[in-house]
Each structure stands twice: as structure tokens, then as C-alpha cells.
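Working notes for the structure below.
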Amino acid sequence: MEPEGGSLLLASHGFLAAQAAAAGAQNFDSAGGGLILVGVRIVKVSLNDRSYAIQIGAGLLPRLGRECARLGLGRRCAIITDENVAPRFGRRALQILEGAGFEPRLITVPAGETAKSLKTVQRCYDELAAQRLERRSFVVALGGGVVGDLAGFVAATYLRGIAFVQVPTTLLAQVDSSVGGKVGVNLRAGKNLVGAFHQPRLVLCDLDALRTLPMREYRAGLAEVIKYGIIYDAALFRRLERDLPELLRRVAGPLAAVIARCCQIKAEVVSQDETEAGLRAILNFGHTIGHALEAISSYGRYLHGEAISIGQVAAARLSVRLLGLPEPDEGRIRRLFQRAGLPVEVRLTKAQRKRLLGAMQLDKKVSGGQVRFVLARRIGQVEYGHPVSPEMLNQVLT
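Each residue of the sequence shown is one higher than the one before, counting from 253 in my numbering.
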């Protein structure tokens, strides 16, 4: 791997060659110890018989039907998308699947976090039943993280589990939520309290989809990108500090390389700990506070990336106090989020802080009644499972 410029591909030559042959590619480029389809980066998530590929590149949506056919999926299928994505890509995805011999049904749900509800799940079930989906049928998640989580949960539970394919259309979904198989919906009490582990059969990250993404949502996706540098890869963090202006302009080369690196990191973590029994918990850096912020604001004030930006900066402050994170590292973390145009603090009343602490008690990582945090010892190295007292939380949130 080239520490700051190369692409570490978690795939063998044989796997990539098979992918390339299936895609009809004629040429390959060799880089970073693996093979890259020309114009397409491929990362493999290694989970034995449930392994799958993440394809990253421009113009991948037209390959959706071909890839689903190659996987041997059943003819009947459903595309779950939202009201924002449907006008841009919904009809096109429908036609692509029809052209490949599939019988798709387009299901459009409301946009936004509030759509991740059991009520929406019930509606999707009814649509799948009307389409007469069978065990070999599949669901395509076409949209951002909300759609991916929702559609994945629907697929995980309909007929006790059918296949699904992720086609993430936001930066946040491409680097994080589409990879790893964590799917679920929210309850009034908190985020993702109902869910499952259900791996996709394929992830297609079409960079062209990011061109239409509103700037606020694009910046929110950078919060997850920065997270990977903090928790796993100091070289990536340095690269983000250096290349942020190009990333904000969505320059294709640097953007593709960074997305691939984030997917590689998540693939490596998930391959070692699929069900969050240990290592995978590091992916939640900043999320305990972030999820609680989303919950107490009724999923309306903050985008997910904005909330976890605040959460990560707070977690860095906790890390200085509890793990000895050097203060210059805390400063670098805060400045990078600020440069990305993301919020780094929240002003709460006493009553709001009380509600926030209460929401954190419902976090999935609470153990023995204690909220347990992922904290950083230095940029690129974190530890999970640290209890944090309400008094300490109040100090960093004040």
C-alpha cells in the first residue's frame, strides 16, 4: 500500500480477475498489490460464503442489471428509494433491471430519517407481497443511508430473509452505511434500536450520483470519511488535511481514492468482527453522542453526519481527559471538521443536556447501565468500551 496515495485493495488477483471478466473488461491496471478494473476500484468484504464486492467508479448504475444477473438473483425484485432519489435515478434503475430480464417494482418512501420506521417497513412488506416476491427474489436499496438501512431491514426480515443489493447515492452511504450489513429502523426512544445483520450481495458506488448531491449532504458524508482517519489510519487523516479543498470540489481522482480507502477500512474491520462483538465497535466513534442528538431533535435539526461531527469532537475532548490524547491531535480533529464546514459543538440548556444523557442510556453500547465510549489514544488508534460518567459528559458538552 502507498501510505497516502495508493489504493489498498482487499481482494485477491483471482477474485478481481473474475469480477473483471464478468464485467466484460478488457484491460487491467496493477496497483497497490491488487488488480483494478480500468476505471473501477473493487474492494472485497471477506465473509466466507457471504463475501461480496464493493465496486467504486463513475457510470456504474447501468451495470446494475448485468451484475444482478451474474449473481443469479431471482427475476422478481423491488427497488426501494425515497422521494428525493426517485426522480433522479428511480425510473432509470427500473429500466436497467427490466432490460436485464428482471421484473422490478419501484417503491418510493418519504425522504429523511423519519422514514426509518416500522410503519414504513409495513408498507414495504405490503408492496413486496403485491409483487409476489419469493425466496430467490431481491431488493435494491437505491439512495442514502436511510434507504439502505430501511431496505436492508426489509430484505432481512421478509420471508425470513431475501437478498439485497446496495446502490448508495450519497457520500455517507458509499463510505459507511452501505457496507457491513448493519440494517435497521428507529423507534421513538432511539436510533436503530430494531435491526439485524444482513449482508448485501453487492455494493455499487456510482460516483456520478454524488454530482447531484446537495452540498450540505455531501459535507455530512465527510464526517464519516474523517472518522476513518481518526479510528484507523493516520495517513488517511493527513491526506484529508492535505486534499480537503479538492474533496470539497468533488474532484474525481482524489474522491475515488478516499472512498475506496474508507471502504477498505470498513471491510477489514467487518471481516474480523461481523456482529460487533469487539473490534467493530470502533466504527461508532462519536456516534453515541451523535445518535442521541438526532433523537432529542426528532431527527429534524441535524443530518447524521452533522450530529456525529459534534459527537466526534466531543469524543476527542473526552479522549484528552481519559486516554491522554495529545491536545494538538484534538486541535487537528476539531480543525478538520471545521474546514469541512461541519458543526463541532452544540449549545444545550440544562433540560436538553438531561434529555441527551437519557437518550444515550438507550444506546446499543450501554453495558451494565453504563454508557461506554470509543475513545482515541492518538489519531489512527482508538479503544472501545470506556465508561464515561454523566459528570464528565456534562463537562465536554457544556
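Cβ atoms here follow ideal geometry from the backbone N, Cα and C, with glycine treated the same way. Everything numeric in this text was worked out from a predicted model, so none of it was measured.
**OP:** Work out the CA separation of Val437 and Val634 for me, nearest whole Å.
**Re:** C-alpha separation (whole angstroms): 27 Å.
Original post:
Hey, would you say Ser429 sits closer than 8 Å to Asp401, going by beta carbons?
Top reply: Contact flag set, yes.
Original post:
Considering only C-alpha positions, which residue in the set Val455, Leu608 and Ala367 is nearest to Val427?
Top reply: Minimum Cα distance to Val427 is reached at Val455.
Original post:
Buried or exposed: where does Ser550 fall if 16 or more other Cβ atoms within 10 Å of its Cβ makes it buried?
Top reply: Looking at its Cβ environment, which holds fewer than 16 other Cβ atoms inside 10 Å, Ser550 is exposed.
Original post:
Using the rule of at least 16 other Cβ atoms within 10 Å of the residue's Cβ for burial, across every protein chain shown, is Lys602 buried or exposed?
Top reply: By the neighbour-count rule (16 or more Cβ atoms within 10 Å), Lys602 is not buried but exposed.
Original post:
What's the C-alpha gap between Ala486 and Ser298?
Top reply: CA-to-CA, the gap between Ala486 and Ser298 works out to about 24 Å.
**OP:** Could I get the ranges of all uninterrupted alpha helix (DSSP H) runs contained in the region 425–497, with 4 residues as the minimum, in chain order?
**Re:** DSSP runs (the alpha helix (DSSP H)) wholly in the region 425–497: 467–483.
**OP:** May I have the straight-line CA-CA distance separating Val406 from Leu627, to the nearest angstrom?
**Re:** Roughly 33 Å separates the two Cα atoms.
Subject >> Assigned secondary structure, Tyr410 (DSSP; H/G/I helix, E/B strand, else coil) >> reply: In this structure, Tyr410 counts as helix in the three-state DSSP scheme.
Subject >> Candidates Leu535, Gln383, Leu577 and Met612, of which the one nearest Lys518 by Cα >> reply: The shortest Cα separation from Lys518 among Leu535, Gln383, Leu577 and Met612 belongs to Leu535.
Original post:
Could you give the distance in angstroms between the alpha-carbon of Arg302 and the alpha-carbon of Val419?
Top reply: Approximately 18 Å, taken between the alpha carbons.
Original post:
According to the Cβ coordinates, are Ala544 and Leu608 closer than 8 Å?
Top reply: Taking 8 Å as the Cβ cut-off, Ala544 and Leu608 qualify as a contacting pair.
Subject >> According to DSSP, residues forming a beta bridge with Ala330 >> reply: For Ala330, the beta-bridge partners assigned by DSSP are Arg357 and Val391.
Original post:
Is DSSP giving Ala274 helix, strand or coil here?
Top reply: Note that Ala274 scores a pLDDT of 40, beneath 50, so its modelled location is shaky; the value from the coordinates is reported in the next line. Residue state, collapsed to three classes: helix.
Original post:
CA-CA distance, Val572 and Ala509?
Top reply: The straight-line gap separating the alpha-carbon atoms of Val572 and Ala509 is approximately 31 Å.
Subject >> CB contact check: Ala352 to chain C, cutoff 8 Å >> reply: Going by chain labels, chain C is absent from the structure shown, which holds only one protein chain.
**OP:** Classify Arg463 as buried or exposed, calling it buried when 16 or more other Cβ atoms lie within 10 Å of its own Cβ.
**Re:** Label assigned to Arg463: exposed.
Original post:
Sorted by chain position, which residues of the same chain lie with C-beta nearer than 6 Å to Arg357's C-beta, five sequence neighbours on each side aside?
Top reply: Take Arg357, set aside five residues on each side of it, and the residues of its chain with a beta-carbon closer than 6 Å to its own are Ala330 and Gln383, in chain order.
Original post:
With distances taken between CB atoms, is the gap from Leu349 to Gly324 smaller than 8 Å?
Top reply: At a Cβ-Cβ threshold of 8 Å, Leu349 and Gly324 do not count as neighbours.
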